[in-house]
Each structure stands twice: as structure tokens, then as C-alpha cells.
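What follows is a short report on a single structure.
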Amino acid sequence: MNMKAPSLAALATTLALAASACGEPPTENEPTCAEPIYAGKATDEAWHSLVDARDKPLDTSGAVLLSSPTEGQEYAVGSPPPTWEWSLPVTSLPRGLPAKPRATSRSFTTWLGELILPSARAHLPPYTGEIYWVEVFAPGSTCPVAQVLTSELKWQPDADTWTALGQRADQSLTVQVTRAYLLQNRITEGPYRLDPPRTIRWSAP
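Residues -21 to -1, 1 to 184 in mature numbering (1 follows the signal peptide of the UniProt record, and there is no 0) are what the sequence shown lists, from first letter to last.
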């Protein structure tokens, strides 16, 4: 059968529709708080997956084991930023990563799409692995006053973040760590949270 090659106009229309589909239209769970700091291999797409799951019932069965900070830990105002660390529960076993996809040659349509819409390649690859969302809340606050999304088992706040937290020396802050396992940016395990979260405070200067 003799098939016609698609016209450039048809290809451009198709690519434009695909580009619009790659956008991020508002959803019912559109985040109302600022994005976190990203560390390790964490991405904004992974964060959006956790935001979408915030209304799920509290599940502590796979929560991290938080070794630092300890409950009620006090920090001296002006002290250097500490390193907060946690570990996986013993029930969590290492997982094998999915097979690496085979490399394929680029089609003409792909080449044309990259030529017309280079921004379509701006997104990072989908994330697979353990992800941790550390949030610090002030009393009565809905949004965290400091937060990080990381693929690592530790976080050391930067100097500016730590200084800002130290300015709340008259308040007790809570530290929550949400853990989940993502497969191609989709949550397959979790999210798991601490219950109760840890309380920290600053001693008088």
C-alpha cells in the first residue's frame, strides 16, 4: 500500500498539541505552598506526586527512622547548621532498578520536534527510587517554613535557611519526614510519615 508522508503542517500541528499536553494544567491538588529545595536526584515532578498524595490517610508503617534531630532537641542561636539524618526501616529491602531502555535512532518526526520545540526536552528523566520530603513547620502554619525534597538519607540546611529558622527562637518547630518509593515519578509505596513529628527549639542566646 502506498502511504503518503505527513505534511510539515500536519506534523507541526501534531507537535503543538503534544507540547500543550506536556504542560502542567491546574489540578484539584495544585500546591498552594512554595516549592522545596531539591537535593540529590529529586525533581519537581517527584514533588508534585507527593503533593497529590497529601490527603491520603496517615500511614506510619514504613516511616523513616529519624536519628537526628532527636525529640525536643535544642539548638543554640547562631550555631552552625546541623546535619539531620535518617534511615530506612528494616522491612524495606533493596529493590532492583528497571532495565535500561534500549537506545533507538531518532525518527524524522522526533528531529523536527526538537527543531521546532526544543523546550520539550527540558524536563528531567522520570525519577525512580526512594524519595524523602523534610518539612519544618511553625505553630499554626499550613505551609512549611523550611523544606527539602531529597533522594539522600540526610540533609544539612544551608546557612540562610538555618538563620531564618533560628529567628524563631521563641517557638517550638516540628520536623516531619515523608517517605515514598517512586517508579517513573509514580508512587508505588507510601507515602509514609512520622507520627508524631519531631519537635525542635532554640535555646536563648
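Each residue gets a CB set at the ideal place from its N, CA and C atoms; glycine is no exception.
For residue i, which residues of its own chain have a beta-carbon under 7 Å away from its beta-carbon, when the five flanking residues on both sides are left out?
i	result
residue 140	125
residue 176	153, 154, 155
residue 45	65, 156, 173, 177
residue 117	124, 147, 150, 152
With a CB to CB cut of under 6 Å and the five nearest residues on each side skipped, what residues in its chain are close to residue i?
i	result
residue 180	53, 151
residue 128	15, 17, 21, 26, 112
residue 115	123, 124, 125, 152, 154
residue 103	22
Given a cut-off of 8 Å on the beta-carbon distance, is the pair residue i and residue j in contact?
i	j	result
residue 131	residue 41	no
residue 171	residue 38	yes
residue 138	residue 60	yes
Give the straight-line distance between the Cα atoms of residue i and residue j, rounded to the nearest whole angstrom.
i	j	result
residue 57	residue 136	13 Å
residue 47	residue 65	7 Å
residue 164	residue 51	34 Å
residue 166	residue 11	21 Å
residue 55	residue 63	16 Å
residue 149	residue 142	14 Å
residue 168	residue 121	25 Å
residue 13	residue 144	16 Å
Excluding sequence positions up to five away, which residues of its chain have a Cβ less than 8 Å from the Cβ of residue i?
i	result
residue 89	Any reading at residue 89 must be qualified, since the residue scores a pLDDT of 41, below 50, and its modelled position is unreliable; the value itself is stated next. Nothing listed; no residue qualifies.
residue 80	The predicted model places residue 80 with a pLDDT of 38, which falls under 50 and marks its position as unreliable, so this point remains unresolved.
residue 106	20, 21, 22, 24, 25, 130, 161, 163, 164
Residue i: which of the options sits nearest, CA to CA?
i	options	result
residue 36	177, 144, 173, 63	173
residue 161	28, 13, 49	28
residue 119	153, 44, 166	153
residue 69	43, 49, 31	43
residue 109	133, 13, 55, 117	133
residue 67	178, 167, 121, 158	158
residue 178	49, 34, 104, 23	49
residue 147	182, 121, 169	182
Under 8 Å between C-beta atoms, does residue i make it to chain C?
i	result
residue 182	The structure shown has no chain C; it contains just one protein chain.
Entirely within the segment 104 to 169 and at least 3 residues each: give me those beta strand (DSSP E) ranges in chain order. 108 to 116, 125 to 129, 152 to 162
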